[in-house]
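Here the structure is laid out as structure tokens; the discussion comes afterwards.
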Amino acid sequence: MQRDTPSGQRPKDVYFFATCLVDLFCPEAGMDAITLIEREGVTVHFPENQTCCGQPAYTSGYADEARAVALAQMRLFENDWPVVVPSGSCAGMMRHHYPKLFAEDPILKAKAEALAERVFELSEFLLNVLKVQWKDSGKPATVTLHTSCAARREMGTHVHARALLAQLPGVNVVTQSHEAECCGFGGTFSLKHPSISSAMAGDKADALKETGAEAFISADCGCMLNINHTLQKRGDAFQGKHLATFLCERLAAKGEKA
Amino acid sequence: MSAHENSQPLKFIPASEFKQRTSEAVSDELLRKSFRGAMDFLMAKRATQFPDPVALEAQRGLAEHIRKYSLAHLPDLLEQLERNLTANGIQVHWAENAEQANAIIVGIAQKHSAKLMVKGKSMVSEETELNHAMEAVGIEALESDMGEYIVQLDGEKPSHIIMPAIHKTKQQIAKLFAEKVPGASYTESVDELIGIGRAVLREKFMTAEIGLSGVNFAVAETGTLCLVENEGNGRMCTTVPKVHVAITGIEKIVEKLEHVPPLFGLLTRSATGQAVTTYFNMISRPRQPGEKDGPQEVHLVLLDNGRTQAYNDEQMRSTLQCIRCGACMNHCPVYTRVGGHAYGTTYPGPIGEIISPHMMGLAATHALPTASSLCGACSEVCPVKIPIPDLLIRLRGEASHDARPGHAPLVGQGAAKSALMDIVWAGWAALYTRPALYRAFGWLATRFRFLTPPMQSGWTYSRTPLKPAARSLRDLLAERKRK
Amino acid sequence: MTSTARNNILQRLRSAPQGKPPLAPDVHGFYATARNAAPAEDRAARIERFCEKMAFWRGEVVRVTHSNWAESLRALCVAKNVNSLLYGAQTAQAAALEAAGINGLKPYDRPVDDWKPELFRDTDAGFTSTRGGITETGTLILWPDEKEPRLMSLVPPIHFALLDASQLYDNFFDAMTGQGWSGDEASAGISKMPTNALLISGPSKTADIQVTLAYGAHGPKELVILLVVNEEEL
Chain A
30 MQRDTPSGQR PKDVYFFATC LVDLFCPEAG MDAITLIERE GVTVHFPENQ TCCGQPAYTS
90 GYADEARAVA LAQMRLFEND WPVVVPSGSC AGMMRHHYPK LFAEDPILKA KAEALAERVF
150 ELSEFLLNVL KVQWKDSGKP ATVTLHTSCA ARREMGTHVH ARALLAQLPG VNVVTQSHEA
210 ECCGFGGTFS LKHPSISSAM AGDKADALKE TGAEAFISAD CGCMLNINHT LQKRGDAFQG
270 KHLATFLCER LAAKGEKA
Chain B
50 MSAHENSQPL KFIPASEFKQ RTSEAVSDEL LRKSFRGAMD FLMAKRATQF PDPVALEAQR
110 GLAEHIRKYS LAHLPDLLEQ LERNLTANGI QVHWAENAEQ ANAIIVGIAQ KHSAKLMVKG
170 KSMVSEETEL NHAMEAVGIE ALESDMGEYI VQLDGEKPSH IIMPAIHKTK QQIAKLFAEK
230 VPGASYTESV DELIGIGRAV LREKFMTAEI GLSGVNFAVA ETGTLCLVEN EGNGRMCTTV
290 PKVHVAITGI EKIVEKLEHV PPLFGLLTRS ATGQAVTTYF NMISRPRQPG EKDGPQEVHL
350 VLLDNGRTQA YNDEQMRSTL QCIRCGACMN HCPVYTRVGG HAYGTTYPGP IGEIISPHMM
410 GLAATHALPT ASSLCGACSE VCPVKIPIPD LLIRLRGEAS HDARPGHAPL VGQGAAKSAL
470 MDIVWAGWAA LYTRPALYRA FGWLATRFRF LTPPMQSGWT YSRTPLKPAA RSLRDLLAER
530 KRK
Chain C
43 MTSTARNNIL QRLRSAPQGK PPLAPDVHGF YATARNAAPA EDRAARIERF CEKMAFWRGE
103 VVRVTHSNWA ESLRALCVAK NVNSLLYGAQ TAQAAALEAA GINGLKPYDR PVDDWKPELF
163 RDTDAGFTST RGGITETGTL ILWPDEKEPR LMSLVPPIHF ALLDASQLYD NFFDAMTGQG
223 WSGDEASAGI SKMPTNALLI SGPSKTADIQ VTLAYGAHGP KELVILLVVN EEEL
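Chains as they are written, first to last, in this note's numbering: chain A, 30 to 287; chain B, 50 to 532; chain C, 43 to 276.
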């Protein structure tokens, strides 16, 4: 899954779609994602009126409500710039499910398809569009990677994130057992079926911890909150970090522009 | 009044009971370990069969195409199959629901004054609960697949469509045999346990008047019923008794014999990671003059039981592409945690979540489509590319809403409708379509984060409470701008 | 009941919305592409691969020739302590079998209904011919008939099968098209499918107890293939 912008040109401007979870629960990760893009000399535009991609209603079977919210987002990206999303599942929603959501309306469907073409998950955008070349400035570290299911299966994020981390010689990435297995978040699934969801989250936390890594890295806020709060409840200090935050730390790029 | 009278609930499973069963299941350590071990084994075995992802995609593409093509021509193919089977001397019966199917089979058995029916593996006969119907008229229905035999001995149902006794340890089976099989002594040797089953069942094959089987593929152009198996009990059931009754869902049909190899190759590789099973049995006729064995009568029962409801919608029709390999359950993180029995349906796991609502109605099954994190592992391995997560979402919608205008209601349409949830989602949409309101909400949520409730429904079951950050991303960006 | 059911089912299917139906799948093209992508195998490689795959299923392959197979079978029967060997007395192989001096040759010459207990309890092995083999999966093709009934390859604990190495096909598709199973234009599309056609890959097995493999679940515990090759291929 290697995509570039529709024009194939390196963009000067991008839209940043933060997602509701990043906005309210992981704002630092959002800031770090923006920093990573800006240090490549790209201007980041944050449409003030953005809210949520609509995924929670969509996956709960409330298509009309999801459509209304999706439509409100689709209106935000007037210019032909890429839309960068620091979350695989939200990017997947906009890229793969918006066109389905508007399948019965030819005009909106065409609009959704055009938008889908320029929606990028953050790591995909850094790797394939900006083609970043990084110098690692951190101490040797061992981490493990957890990729959300939507990111993995809809956006190929496990490949992109791995490729980005591979640019950092000081970072040793170890693989968890059952790597491709879901962490049990699944949006409203975690609320509707807490016992199953908790069993999955617990197993995922175990698998990540058993790698002996000092932290786990994830490009999805939902999974990260799920696993981190599970670990916290156990009183475990082992925690996950958003990929953008980890990369910023390695590049000593906090708040700096290249 | 249901839209489809063929779809009657077989067994009512309240949503609340499903939840209770699953929470019991996840806290059963032994069960969790059994399933995890077995599913890991099956996943690894499947993976060795598909070393080349490009080749696999080509095979899946072809298999999906064959299934879609077959479904697009389903009514014609059913008639063609019936014509050719009849010409070959096989009697064809049609059943709209489980009751009709059972009545047909009971009728055949009674005509032959049968006392014993031996059964090869047939999930469709589980679906109709045929064994109960046979027993009700005093005919013993004996499962002969080793796994099915084991679960039947213990008064259970299969917990997996391919490996019915996967939830049991060999110690449990050893104990079961020692208690229930006359003359069997306790042994944990798998070879000896299988030997015990073999000895018992061989005697039964000899005496049974009727053999029952499922069908993996029915070939319309040749009038052929194909059966896939490793043990040989399927061949026994379809060859030794004087009557063979096959039962299948109406969707298990292909037009041409040449459509079988691609599906068969994917079926066994996806199911158990075998390139082929020990036996592939193609039956086209009853015993012909001069032939010395094989049944004198062969019957096929074609069962609807809700399949036409799925067929009636172009998206949900893809449910019927299924060739019952079980790969979706082997790869499902939910199935791995709760096991097959927790679902309370004939077909557990992802395929069960999308097919059971058509068979049993949404009133009984609306909780099933919600028991998924939509991780997509199922559709990733599905050999016929059924978009299972999309269908789960669709069924969630159908369960919580009335039928859309111009669409026939499903059985149990709107069974999970909730005024409260409608208000929640309407409120959610109102908030997220009004940026100013959302910003105000974000401002309040961050500034008053100390008011976040410590108990947050299912979330805090095993997690610390979620708390908004002190400042939202837009606050941080505004701050940065000011600097 | 069943005709009402039939009409209702067909009526529901016919009234369902239909988009554009997909074109007929090109199965021939698919296998042709696969064939062209893989290097062609010569006879020796094909035989080798068949033996390897069959061994994987625990099928025992013994290379024999047109002239010595019956003698090899006799020796195998002695080695395996076979005291009764079921065979088809009207088959092309009967004469050679009868001439080989095999102990306890037993013809399958009456309907099974007349002698089930003896077949199930007192028959050590069965001998059948085959219609060919499949190298990709290590598989035998059998078309039982009145001369070689169906249960010969199922009920006795040992199954001996005679396979001519010149009848090896690459895969199932090639076998069924190569042998014209589903009929062709010339035969007006009339199916040639027999009462029962079988693919057999190894002895009967099960993994139903704790995914542990066990052989001889219901059918033969041993499958022995007498693979007929040329003198120099032995």
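Quick reminder that beta carbons are idealized off the backbone N, C-alpha and C, glycines included.
Residue from the options with nearest C-alpha to residue i
i                      : options                    : result
residue 52 of chain C  : B:85, B:74, B:102, B:123   : B:123
residue 218 of chain A : B:501, B:417, B:483, B:455 : B:417
residue 179 of chain C : C:111, C:148, C:129, C:100 : C:100
residue 529 of chain B : A:42, A:37, A:61, A:51     : A:61
residue 60 of chain C  : B:319, B:367, B:99, B:151  : B:367
residue 247 of chain A : A:264, A:177, A:67         : A:177
residue 95 of chain C  : C:275, C:224, C:272, C:213 : C:213
residue 238 of chain B : B:223, B:230, B:246, B:440 : B:223
residue 503 of chain B : B:497, B:515, B:493        : B:515
residue 235 of chain C : B:208, B:511, B:469, B:136 : B:136
residue 271 of chain B : B:114, B:92, B:133         : B:133
Residue i vs residue j beta-carbon contact at 8 Å
i                      : j                      : result
residue 40 of chain A  : residue 115 of chain A : no
residue 243 of chain B : residue 292 of chain B : no
residue 601 of chain B : residue 261 of chain C : Chain B is shown from 50 up to 532; residue 601 of chain B falls before or after that span and cannot be answered.
residue 186 of chain A : residue 230 of chain A : no
residue 118 of chain A : residue 272 of chain A : no
residue 176 of chain C : residue 217 of chain C : yes
residue 374 of chain B : residue 320 of chain B : yes
residue 380 of chain B : residue 430 of chain B : yes
residue 484 of chain B : residue 77 of chain A  : yes
residue 253 of chain B : residue 316 of chain B : no
residue 202 of chain A : residue 161 of chain A : no
residue 200 of chain A : residue 236 of chain A : no
Test: residue i CB closer than 8 Å to a CB of chain C
i                      : result
residue 196 of chain B : yes
residue 144 of chain B : yes
residue 97 of chain B  : no
residue 333 of chain B : yes
is_contact[residue i, chain A] using C-beta, thresh 8 Å
i                      : result
residue 460 of chain B : no
residue 533 of chain B : The shown model of chain B, from 50 to 532, leaves out residue 533 of chain B, and the question about it has no answer.
residue 429 of chain B : yes
residue 366 of chain B : no
Any chain B beta carbon closer than 8 Å to residue i
i                      : result
residue 270 of chain A : no
residue 262 of chain A : yes
residue 86 of chain A  : yes
residue 224 of chain C : yes
residue 230 of chain A : yes
residue 81 of chain A  : yes
residue 188 of chain C : yes
residue 267 of chain C : no
residue 250 of chain A : no
residue 259 of chain A : yes
residue 120 of chain A : no
residue 135 of chain C : no
Residue i, buried or exposed, once every other Cβ within 10 Å from all chains shown has been counted against 16
i                      : result
residue 438 of chain B : buried
residue 157 of chain B : buried
residue 123 of chain A : buried
residue 92 of chain C  : buried
residue 228 of chain C : Since pLDDT at residue 228 of chain C reaches only 47, below the 50 mark, its modelled position is unreliable, and the value read off the structure follows with that caveat. The residue is exposed, with fewer than 16 neighbouring Cβ atoms inside 10 Å.
residue 76 of chain B  : exposed
residue 453 of chain B : exposed
residue 7 of chain B   : Chain B is shown only over 50 to 532; residue 7 of chain B falls outside these bounds and no answer can be derived.
residue 257 of chain A : buried
residue 275 of chain C : exposed
Original post:
Are there three or more Cβ pairs, one per stretch, closer than 8 Å when the segment 298–312 of chain B is compared with the segment 67–75 of chain C?
Top reply: Short answer: they touch.
Subject >> contact_flag[the segment 348–363 of chain B, the segment 393–400 of chain B] where n(CB pairs < 8 Å) is 3 or more >> reply: Put simply, the segment 348–363 of chain B does not touch the segment 393–400 of chain B. Fewer than three CB pairs are less than 8 Å apart.
Original post:
Is the segment 242–256 of chain C touching the segment 208–222 of chain B, taking contact as three or more C-beta pairs under 8 Å?
Top reply: Result yes; three or more Cβ-Cβ pairs closer than 8 Å.
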